[in-house]
Structure formats: structure tokens, C-alpha cells
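Below is one structure, written out as C-alpha cells; the observations come after it.
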Amino acid sequence: MELDGEQLRLMEVGPRDGLQNESTQVSVADKTQFITLLKTAGLKRIEAGALVHPKWIPSMAHSQEVIASLNKSESVSYAALVPNMVGFERAIEAGVHEVSLVLSVSDTHNQKNINASTSDALERYRPVAERAIDLGVPFRAYVSCAFGCPYEGPIAVPAVVAVAEKLLELGAYELSIGDTIGVGNPKQTHELVRALKESVPVNRLAMHLHDTRGTALANMLAAYQEGVRSFDSAAGGLGGCPYAPGASGNVATEDVVWMFESMGIDTGVDLNVLVNASEMIQSALGRDLPSKAFQAMMAQRQDSKC
Ligand code: HMG
Ligand code: MG
């Protein structure tokens with residue numbers, strides 16, 4: 010396998026994608042502590058919350074407070090997901106460094122997730138993108154349901170490319186291609202990324218892979234082999250989308266760091282500190298987190314105490 014020595018660029022989405030699906034309300038103080046530990050672990054981009062309507066996503070209700078309470082520094086970029094201008098203005102008030110827009114390739118998913126058709130949502134994002142550019146706030150965009158939709162089933166590759174091109178035209182610095190419900194496989198990943206590379210420079214592509222069927226790491230490696238170096242992941246394997254039934258956690262940051270670091274590819278993340286972050290949020294949630302590498306390291310810690 011070809012290894013070019015380039016560091017992976019991770020976007021830690023645990024505090025947003027990870028916690029948005031949780032029924033346990035995590036306090037502002039616990040979220041802030043979790044994010045601070047993730048920063049200490051070396052994560053350079055952290056999606057700290059979502060400025061969405063609390064009726065739609067109750068677990069993100071205090072995101073503005075969480076983001077405002079973070080100790081901002083040059084070394085880390087705090088991001089927030091924003092579904093419209095109201096969310097964007099709230100994110101700016103809270104002091105984010107960057108924002109993420111979300112647009113699905115599936116009309117039905119957009120309707121259920123952000124209450125707009127694909128074309129209406131795109132029009133809604135146009136002024137948001139213009140305002141972000143005016144203020145010098147970088148933004149990325151998720152291309153959701155790129156591997157399949159919980160409502161519409163298989164999604165054609167040209168439809169993914171068309172949505173990606175439109176978001177790129179808006180000025181997104183990066184497009185995060187989402188396997189929202191974890192149905193993708195490595196062959197599909199190669200084909201999709203190859204098709205996207207025809208329109209989008211590979212250094213502006215990221216992958217956002219849910220691990221619902223255990224294929225996220227394999228898909229990630231396929232994307233890596235196509236030249237993608239930017240990936241989203243969630244500490245402990247937290248995650249899901251409340252408007253994508255059956256979607257479970259994102260690829261776990263621990264699993265990503267373990268796999269790539271053991272192949273000599275730098276991730277910039279200290280796995281031991283990352284495990285402290287996941288252990289902290291695991292106890293706040295009161296349930297075991299699914300990451301295999303996290304569980305192995307926790308077991309090792311337990312053994313060394315015996
Ligand atoms: P809507 O009901 O159509 O909103 O919801 P509206 O524009 O008609 O406004 C209704 C009321 O909501 C108004 O208040 C607005 O001010 C208020 P009122 O006048 O009635 O008092 N409002 C807001 N309040 C707070 N924050 C806002 C906001 N916007 C309007 N931003 C809306 C439309 C987009 C707001 C709603 O559908 C929503 O919040 N959706 C978010 C859904 C979401 O967060 N889904 C999960 C994230 S996506 C995901 O997980 C996938 C991803 O991980 C990638 C992948 O896996 O593929 C990113
Ligand atoms: Mg997601």
C-alpha cells in the first residue's frame with residue numbers, strides 16, 4: 010500500500026453527531042469537559058454542537074452555551090452544524106471558528122431532516138454561504154445519504170456528484186461525503202470517490218462514515234487509497250442521525266487512530282488522552298461505547314490495575 014506520510018486531517022464529530030442521538034441529557038459542564046479533553050488529545054477540528062431547533066433535536070438545545078463556554082485558542086477550530094441563517098447567526102454569536110451545512114442527495118431525507126426539498130434547501134444555504142464568506146468564516150458541507158437513503162434506497166453516483174458540485178460552487182472549503190446509514194462497501198467507495206474526483210479536488214473531499222454494518226474502517230481505507238486524507242470520526246464510536254432510522258455510530262476516532270498510526274500514518278492524536286475523553290462521556294451517558302480500540306484499551310487499563 011502506498012503511504013505518502015501526509016498527516017490525516019480529522020474532524021471530531023462526537024460532541025455533535027455523537028451526542029445528538031442520545032436520549033440522556035448531557036449537561037453543559039459535561040459537554041464542555043468532553044470537548045476540552047478531545048482538544049487535549051490533539052484533535053484540531055471539533056464539531057462542538059448544532060445550532061438547530063431544539064424541538065427537532067432536543068439533545069443539541071444547549072449547543073450555543075456549550076460553544077460559548079469553550080476556551081478558544083488558535084490551535085483548534087471549533088465547528089457547529091447550522092441548517093439555516095438563524096443557526097448561522099447563533100453560531101457566530103457563540104464564537105465558532107467554522108460552520109457545517111448539511112444537504113442530503115435524497116429529497117425525502119432533506120424534507121424529514123431540515124424541512125425543505127433539496128433545491129429549496131440549497132437556495133436557503135445561498136445567503137448563509139454569502140454571509141459566511143463576507144465574515145471570513147470557513148464552512149464545509151455534508152453531502153448526506155451519498156451511499157444510500159433510509160427512505161429512497163439506493164442513490165445514483167451522478168446525483169451525489171451533482172449535489173457536491175452545487176455545494177462546492179457555494180464556496181464550501183470541504184465536502185464531507187456521508188454514509189449516513191452505514192450501507193456502503195469499499196468497492197462502492199472507490200467508485201464514488203473516483204467519480205467525485207472528476208469534479209472536486211481530492212484535497213477538498215472528506216468522508217463521514219457511519220459504522221452501522223461494520224464497514225466504516227474498510228470504506229475509509231478505500232477512500233484513503235483514492236487520495237482522501239480528511240475524515241470525520243466520533244470518540245468512542247458515538248453517533249447517529251435522528252432522521253435516519255437505524256443509523257448508528259460514526260467510525261470511532263480510537264479505531265481510526267489505532268489503525269492509521271499502526272501503519273505509520275500520523276493522526277496528531279494521543280490515543281491515551283482520547284480514551285480518557287471517551288471514558289468520561291461513557292460515564293456521563295451511562296452506557297458502553299462501541300469502539301473496539303477504546304474497549305481494548307480500557308480492558309488493558311483494567312488488567313494493569315490487577
Ligand atoms: P422549520 O420548522 O421549517 O423552521 O425547521 P422555520 O424556519 O419554519 O422556523 C420555525 C421556528 O423555528 C421559528 O421560530 C424560527 O425562528 C425557529 P418561531 O418564529 O416559531 O418562534 N428556528 C430556529 N430556532 C433555533 N435554531 C435554528 C432555527 N431555525 C428556525 N437554527 C429547521 C427547519 C432547519 C430549523 C429544522 O428542520 C431543524 O432544526 N433541523 C435540524 C435537523 C438536524 O439537526 N438533524 C441532524 C443533523 S444532520 C445529520 O446528522 C447528518 C450528518 O451527520 C451527515 C451524515 O451523517 O450524512 C450531518
Ligand atoms: Mg452523521
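Okay, so the sequence shown: first residue is 10 according to our numbering, each after it adds one.
From the three backbone atoms N, C-alpha and C, an ideal C-beta is built for every residue, glycine too.
According to DSSP, is residue i part of a helix, a strand, or is it coil?
{"i": "G246", "result": "helix"}
{"i": "G27", "result": "helix"}
{"i": "R54", "result": "strand"}
{"i": "R238", "result": "coil"}
{"i": "L60", "result": "coil"}
{"i": "H118", "result": "helix"}
{"i": "F156", "result": "coil"}
{"i": "E15", "result": "coil"}
{"i": "M216", "result": "strand"}
{"i": "L46", "result": "helix"}
{"i": "A165", "result": "coil"}
{"i": "S128", "result": "helix"}
{"i": "Y321", "result": "The question about residue 321 has no answer here: the residues shown for the chain are numbered 10 through 315."}
Leaving out five residues on either side along the sequence, give the residues of the same chain with a beta carbon under 7 Å from the beta carbon of residue i.
{"i": "A50", "result": "V278, D279, V282, L283, A286"}
{"i": "H199", "result": "A231, E235"}
{"i": "V105", "result": "I76, Y87, A88, A89"}
When the Cα atoms are used, what is the spatial distance from residue i to residue j?
{"i": "Y87", "j": "I55", "result": "5 Å"}
{"i": "K53", "j": "T262", "result": "13 Å"}
{"i": "S126", "j": "C154", "result": "14 Å"}
{"i": "P163", "j": "D312", "result": "45 Å"}
{"i": "R99", "j": "L201", "result": "34 Å"}
{"i": "I190", "j": "P63", "result": "23 Å"}
{"i": "S185", "j": "L214", "result": "6 Å"}
{"i": "V111", "j": "N80", "result": "26 Å"}
{"i": "L144", "j": "P299", "result": "39 Å"}
{"i": "A256", "j": "G187", "result": "12 Å"}
{"i": "V237", "j": "A181", "result": "16 Å"}
{"i": "H118", "j": "M10", "result": "37 Å"}
{"i": "F269", "j": "G14", "result": "11 Å"}
{"i": "S36", "j": "H71", "result": "9 Å"}
{"i": "T41", "j": "E288", "result": "14 Å"}
{"i": "V169", "j": "V114", "result": "6 Å"}
{"i": "L19", "j": "G246", "result": "14 Å"}
{"i": "V266", "j": "V211", "result": "21 Å"}
{"i": "L47", "j": "E31", "result": "19 Å"}
{"i": "A302", "j": "R296", "result": "16 Å"}
{"i": "Y316", "j": "K206", "result": "Given a span of 10 to 315 for the chain in the structure shown, any question on residue 316 remains unanswerable."}
Could you give the first and the last residue of the continuous beta strand (DSSP E) run that contains residue i?
{"i": "R296", "result": "No beta strand (DSSP E) contains R296, which DSSP labels as neither H nor E."}
{"i": "M20", "result": "18 to 21"}
{"i": "E183", "result": "183 to 188"}
{"i": "L110", "result": "107 to 113"}
{"i": "S86", "result": "86 to 90"}
For residue i, I'd like the list of residues in its chain whose CB is within less than 6 Å of its CB, leaving aside the five on either flank, ordered along the chain.
{"i": "R25", "result": "E56, G58, A59, L90"}
{"i": "V192", "result": "F156, G157"}
{"i": "A103", "result": "Q73, I76, A77"}
{"i": "Y252", "result": "K121, N122"}
{"i": "I290", "result": "F43"}
{"i": "D39", "result": "A293"}
{"i": "P254", "result": "P159"}
In its own chain, which residues sit with a C-beta less than 8 Å from the C-beta of residue i, not counting the 5 before and 5 after it?
{"i": "P195", "result": "T224, A227, N228, L230, A231"}
{"i": "V166", "result": "E200, L201, A204"}
{"i": "F97", "result": "L60, V91, V108, V137, R140, A141"}
{"i": "I101", "result": "L144, V146"}
{"i": "M94", "result": "R133, P136, V137, R140"}
Taking 8 Å as the threshold (beta carbon to beta carbon), is residue i in contact with chain D?
{"i": "V284", "result": "In summary, chain D is missing from the structure at hand, where a single protein chain is found."}
Roughly how far, in whole angstroms, is the beta-carbon of residue i from the beta-carbon of residue j, given that I think they are within contact range, below 8 Å?
{"i": "L176", "j": "A150", "result": "4 Å"}
{"i": "S84", "j": "Q29", "result": "Going by Cβ atoms, the distance from S84 to Q29 rounds to 26 Å, so no, they are not a contact pair."}
{"i": "V260", "j": "S242", "result": "5 Å"}
{"i": "G27", "j": "A293", "result": "At roughly 12 Å, the Cβ-Cβ gap does not stay under 8 Å, so G27 and A293 are not in contact."}
{"i": "A173", "j": "V152", "result": "5 Å"}
{"i": "G4", "j": "G248", "result": "The requested residue 4 is not part of the displayed model; the chain covers only 10 to 315."}
{"i": "D275", "j": "Q16", "result": "4 Å"}
Could you spell out the range, first to last residue, of the alpha helix (DSSP H) harbouring residue i?
{"i": "E263", "result": "262 to 271"}
{"i": "S313", "result": "301 to 314"}
{"i": "L205", "result": "195 to 206"}
{"i": "R222", "result": "That residue, R222, is in no alpha helix (DSSP H); it is neither H nor E in DSSP."}
{"i": "S78", "result": "72 to 78"}
{"i": "I101", "result": "94 to 103"}
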